[in-house]
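Beneath this line is the structure, given in structure tokens, with notes to follow.
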Amino acid sequence: MNRAQLIETFLAEAGWGDARRAPLAGDASTRCYERLAGPRGRAVLMDWPAGPDATTPGDALPYSRIAHLAEDCRPFVAVGEYLRSLGLSAPELYASALDDGLLLLEDLGDDIYGPAIQIGHGSHGESLDEMYRVAIEMIIRLQAEEVPLTLPVGDGTVHTVPHFDESVFRAELDVPLDWYMPVVRQVELSTEERAAYHEMWTGLRPLFDEGPRTLFLRDFHSPNMLWLPERKGAARIGLIDYQDALIGSRAYDVVSFLQDARQDVPLARERAMLDFYVSRANTDLTHFDEEAFRAAYAALGAERALRLIGLWPRLLKRDGKPHYMVHMPRSMEYLTRNLAHPALAPLRKWAEKNILPAGMTVPS
């Protein structure tokens with residue numbers, strides 16, 4: 004049975020065989036999506052054949068294995084059920100064929116955050132400030148819970164949630180060295196230069212290892228967020244991409260949202276919403292240290308910006324997706340914001356030499 008027949012059989016057995024099907028825009032992954040409409044309403048089909056990502060340069064292991072990226076749909080199912088148990092808006096699971104990588108999901112609509120950010124308000128007239136505050140409240144809701152080390156999948160197995168450990172850390176650090184330097188700068192760093200870069204980050208790593216651990220969604224930014232104004236509280240944020248969730252710093256999802264990889268977030272808005280997060284965290288979270296959090300935010304923001312600076316050329320060169328390079332200037336801008344933190348002085352010096360375009364400065 005080929006893939007198309009497999010999907011048709013799955014939909015028929017789920018009672019959706021007579022639904023109209025239309026492709027949905029994909030993302031940078033190997034997953035494909037379709038929107039279904041029929042007598043039973045609307046739904047989304049996720050088509051995700053199990054398998055690893057491509058191998059990294061000079062490494063026998065796939066990047067997905069090293070960086071703890073999900074390689075099948077089970078983590079998506081497990082994390083989604085956990086989020087719904089907290090009252091958050093992950094799509095309901097209507098039907099599944101886990102071994103075949105097929106899920107039939109609740110359709111949360113099209114009201115993605117990106118267009119609202121571009122036009123300056125929500126589709127029902129909500130201010131961007133309100134939409135940003137609700138997203139921060141969702142992060143606080145998630146962080147107020149104890150860390151879930153394992154999550155049931157629903158088929159008798161469990162998903163062990165990975166940590167942001169040395170494997171993830173080093174793999175992400177290598178992305179700009181493996182792709183930005185040779186593809187954009189047309190420079191290959193020597194073994195000694197790479198070792199010095201990693202040694203510098205060894206000294207910075209304690210900044211985002213401070214404080215309590217939390218579950219973070221990893222790609223919490225506008226393409227993966229939908230506005231659901233008919234719901235209440237933090238449930239007004241629809242979530243659609245969380246299968247790669249990790250255990251780690253409270254700062255990760257905050258910087259992922261406030262330094263959105265796909266949409267410009269002005270510095271003034273970032274600072275205002277960061278202050279809002281701090282005020283809520285001081286009230287709602289235990290053992291919150293503002294100074295340590297802000298240092299972690301800057302360090303993780305710089306690490307994340309560098310990974311994206313390497314990711315865009317990787318999508319261009321390896322995956323034939325050149326349109327992602329439009330995000331490069333934004334990633335550079337976010338990198339400079341983070342480098343302004345005094346704790347990142349060594350990284351600032353390195354980035355000014357190796358990464359930042361000529362004339363680009365770090366804001367005060």
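Quick note, my numbering runs 3 ahead of the 1-based positions in the sequence shown.
Each residue gets a CB set at the ideal place from its N, CA and C atoms; glycine is no exception.
Here the structure is a predicted model, which means the values were calculated and not measured.
For residue j and residue i, the rounded distance between their alpha carbons
| i | j | result |
| --- | --- | --- |
| Gly41 | Leu107 | 13 Å |
| Trp353 | Phe167 | 24 Å |
| Leu319 | Tyr183 | 11 Å |
| Glu306 | Gly123 | 29 Å |
| Gly236 | Glu355 | 42 Å |
| Leu64 | Val190 | 24 Å |
| Glu169 | Tyr280 | 27 Å |
| Ala361 | Gly104 | 46 Å |
| Asp181 | Gly117 | 29 Å |
| Pro94 | Arg6 | 24 Å |
| Gln121 | Arg87 | 29 Å |
| Val47 | Ala15 | 14 Å |
| Ser282 | Asp132 | 15 Å |
| Glu129 | Ala198 | 49 Å |
| Leu288 | Ala275 | 19 Å |
| Asp322 | Thr286 | 45 Å |
| Pro55 | Asp158 | 22 Å |
| Ala284 | His127 | 29 Å |
| Asp244 | Ala22 | 24 Å |
| Ala73 | Leu96 | 18 Å |
| Lys324 | Trp315 | 9 Å |
| Leu39 | Glu195 | 53 Å |
| Ile358 | Gln8 | 48 Å |
| Ala53 | Arg221 | 20 Å |
| Val365 | Glu140 | 30 Å |
| Pro269 | Tyr337 | 10 Å |
Local Cβ density within 10 Å of residue i, reported as buried at 16 or more and exposed below that
| i | result |
| --- | --- |
| Asn227 | buried |
| Gly125 | buried |
| His326 | exposed |
| Thr2 | Because the chain in this structure spans residues 4 to 367, residue 2 falls outside the shown range and cannot be described. |
| Pro26 | exposed |
| Glu175 | buried |
| Gln146 | buried |
| Gly83 | buried |
| Pro2 | Given a span of 4 to 367 for the chain in the structure shown, any question on residue 2 remains unanswerable. |
| Gly313 | buried |
| Gln262 | buried |
| Ser225 | buried |
| Glu273 | buried |
| Ala138 | buried |
| Ala348 | exposed |
| Ala28 | exposed |
| Ala271 | exposed |
| Ala308 | buried |
| Arg188 | exposed |
Own chain partners of residue i with C-beta closer than 6 Å, once the 5 adjacent residues on each side are dropped
| i | result |
| --- | --- |
| Ala98 | Ala17 and Leu107 |
| Phe79 | Gln246 |
| Ala81 | Leu154, Val156 and His162 |
| Glu109 | Pro94 and Glu95 |
Neighbourhood of residue i by C-beta, 7 Å cutoff - its chain only, sequence neighbours within 5 removed
| i | result |
| --- | --- |
| Phe211 | Ser252, Ala254, Ala299, Ala302 and Leu303 |
| Leu350 | Met203, Leu207, Ala305 and Leu342 |
| Phe219 | Ala248, Leu249, Gly251, Tyr255 and Asp256 |
| Asp102 | none |
| Thr205 | none |
Paired residues, beta bridge with residue i - DSSP
| i | result |
| --- | --- |
| Tyr36 | Leu27 and Met49 |
| Met228 | Leu242 |
| Val161 | Pro155 |
| Glu109 | Ala46 |
| Thr217 | Gly251 |
| Met130 | Before going further, note that residue 130 is Ser rather than Met in the sequence given. In DSSP, Ser130 forms a bridge with His124. |
| Val334 | Position check: residue 334 holds Ser in this sequence, whereas Val was assumed. BP columns for Ser334 are empty, so no partner. |
| Leu96 | Leu108 |
Sequence-distant residues of the same chain with beta carbon closer than 8 Å to residue i, five excluded per side
| i | result |
| --- | --- |
| Pro209 | none |
| Leu231 | Ser92, Leu111, Gly112, Asp114, Ala238, Arg239, Ile240 and Gly241 |
| Met363 | Met335 and Thr339 |
| Leu89 | Arg144, Leu145 and Glu148 |
| Met134 | Tyr116, Ala119, Gly125 and Trp230 |
| Gly214 | Ser252, Arg253, His290, Phe291, Asp292, Ala295, Phe296 and Ala299 |
| Arg136 | Met276 and Phe279 |
Check whether residue i and residue j have beta carbons under 8 Å apart
| i | j | result |
| --- | --- | --- |
| Phe13 | Ala70 | no |
| His162 | Arg68 | no |
| Asp267 | Arg216 | no |
| Pro165 | Tyr85 | no |
| Ser193 | Phe223 | no |
| Val257 | Ile142 | yes |
| Trp19 | Arg34 | no |
| Leu311 | Ala264 | yes |
| Arg24 | Glu37 | yes |
| Arg317 | Val171 | no |
| Ile10 | Asp50 | yes |
| His201 | Arg173 | yes |
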